[in-house]
Amino acid sequence: MKTSQFFAVLSLIFALVVQAYAADKIVADFGGLGGFQSTMWVAKDLKIFDKNGLDVDLIMITGGARSVAVLLSGNTQFATGSATTPLLATARGSDLVIVAASYNYFPFSIVSKPDIRSPKDLRGKRLGILNFGGSHDLAHQLAFKEWGLKRQEVNVIPLGDQPTRLAALLAGNIDATIMSLPHLLVAVKAGYRVLGDMGDMRTRFSQSTVYLRRSYLRENRDIAKRFLKAYSEAVHVLKTDRERSIKVMGRRMRVEDQEILNETYNYFGRRFSFPPRVDMAGIKDTLDFYAERTPEVKNRNPQDFVDHTLLDELEKEGFFKSLGS
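If you number the sequence shown the way our numbering does, the last residue is 1315 and the count never jumps.
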């Protein structure tokens, strides 16, 4: 064989080997800059996705409706966010399924101006939320119900993401807002009052879920399994490795104050769910709430919206135990 032919064959073999081991490229989203959204950051920044053969382009999409729209368009393959929007979209016929959840509590508090001393003082006031139709919408309505408030008694305004709402509160453009750590501590340090922690409400809720198209799951089951493998390991890091978790949180949230970062980790770290299974009671509570006004979800079985089979496979293979569950 001539030298030129030898190198041509060698180059072809090398190209085939590289192709065989090339990472699968996918696009996934996260919904904002709250500490409960840290799972995707940890999986990306600590190269856990890479370790599982995934080249993940991680993008921020605020609002569940936008996240679902982008996912259904095929521009993302995996979406993360609260269970609310994918549940409603699926009930109305969309090709979606929830496959995991790393945080199964409401992570929000309602914070207000100092002169608002109790929830009843919100009557006639302006409450800023992320948007209508998502977890903020559900959370504040459930809080109002527990506090004896009617929705029409409070002027609820969709303002966008947490930094925007914090700025509006500090500027006096709203009287109260829904917040989570770390921005909640910024407001408290500035003298604002926490009216209530929604994580203590009776209603349960899956706030940080992973969902995707059922058709994608059928056609790319191996990729989805590796994605959940990386996602699960990231949750384990968040529950067991304080130092690395705080570094990722600080970098992603652009927070340098160590007191705020420590408080954020203290609050969320212990509440992450490992293995990251969806709290089915939370799915039922959400469906029950929306059944009053959304006929499509009435009498639906929570199992219709969730597929735990990939997590079941990982558990059967001993993956979670190998991490120290």
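All C-beta atoms in this analysis are idealised placements derived from N, C-alpha and C, irrespective of residue type, glycine included. A quick note: this is a predicted structure, and the numbers were derived from the prediction, not measured.
Quick one: using the 10 Å Cβ neighbour count with 16 as the cut-off for buried, is residue i buried or exposed?
i     : result
N1094 : buried
E1223 : buried
A1091 : buried
R1211 : exposed
Q1197 : buried
G1064 : exposed
T1299 : exposed
Y1011 : Caution is warranted here: a pLDDT of 49 is assigned to Y1011, below 50, making its placement in the model unreliable, and no coordinate value can be reported.
For residue i and residue j, I'd like the C-alpha separation in whole angstroms.
i     : j     : result
T1276 : G1118 : 22 angstroms
S1170 : Q1142 : 24 angstroms
R1183 : K1110 : 14 angstroms
R1113 : I1106 : 10 angstroms
K1034 : V1296 : 24 angstroms
A1214 : I1088 : 12 angstroms
A1180 : E1305 : 46 angstroms
T1051 : P1104 : For the sequence presented, residue 1051 should be read as Ile rather than Thr. Distance between the alpha carbons of I1051 and P1104 is about 32 angstroms.
L1000 : A1013 : Its pLDDT being 48, under 50, L1000 is placed unreliably by the model, and the measurement read from it follows with that caveat. Rounded to the nearest angstrom, the two C-alpha atoms are 22 angstroms apart.
G1272 : T1199 : 12 angstroms
K1311 : L1061 : 32 angstroms
Can you name the start and end residues of the beta strand (DSSP E) that residue i belongs to?
i     : result
R1204 : Note, R1204: premise wrong, no beta strand (DSSP E); alpha helix (DSSP H) at R1204 to E1209.
A1073 : Taken as a continuous stretch (DSSP letters only), A1073 belongs to no beta strand (DSSP E), as it is neither H nor E.
M1050 : L1044 to M1050
G1186 : R1183 to D1187
I'd like the list of long-range same chain contacts for residue i, defined as Cβ closer than 6 angstroms, with 5 residues on each side in sequence excluded.
i     : result
A1059 : none
H1226 : F1264 and L1313
I1236 : L1251 and Y1255
L1139 : none
W1031 : V1238 and R1242
A1220 : A1033, I1038, F1039 and N1042
D1045 : A1013 and K1015
Grab me the residues of residue i's own chain with a C-beta within less than 7 angstroms of its C-beta, minus the 5 sequence neighbours each way, in chain order.
i     : result
G1189 : Y1095, F1096 and P1097
M1191 : F1096, L1132, A1133 and E1136
A1079 : V1058 and L1086
F1262 : S1092, Y1093, V1225, L1228 and K1229
With a threshold of 8 angstroms on Cβ separation, who are the neighbours of residue i within its own chain once the five nearest residues in sequence on each side are excluded?
i     : result
V1176 : L1156 and I1250
Y1149 : The question names Tyr, but residue 1149 in the sequence shown is Leu. Within the same chain, L1149 has close Cβ partners G1118, I1119, L1120, R1155, A1158, I1164 and T1167.
I1147 : R1116, L1117, G1118, I1119 and I1164
G1259 : L1228, K1229, R1232 and S1235
Tell me the residue span of the alpha helix (DSSP H) that contains residue i.
i     : result
M1243 : R1232 to M1243
A1059 : G1054 to S1063
I1250 : Q1248 to G1259
P1153 : Q1152 to L1160
Answer yes if the segment 1232-1251 comes into contact with the segment 1053-1071, meaning at least three C-beta pairs across the two stretches below 8 angstroms, and no otherwise. Judged by Cβ distances under 8 angstroms, the segment 1053-1071 makes no contact with the segment 1232-1251, as fewer than three pairs qualify.
Is there contact here, the segment 1288-1296 with the segment 1120-1132, by at least three beta-carbon pairs under 8 angstroms? Taking 8 angstroms as the limit for Cβ pairs, the verdict is that the segment 1120-1132 does not touch the segment 1288-1296.
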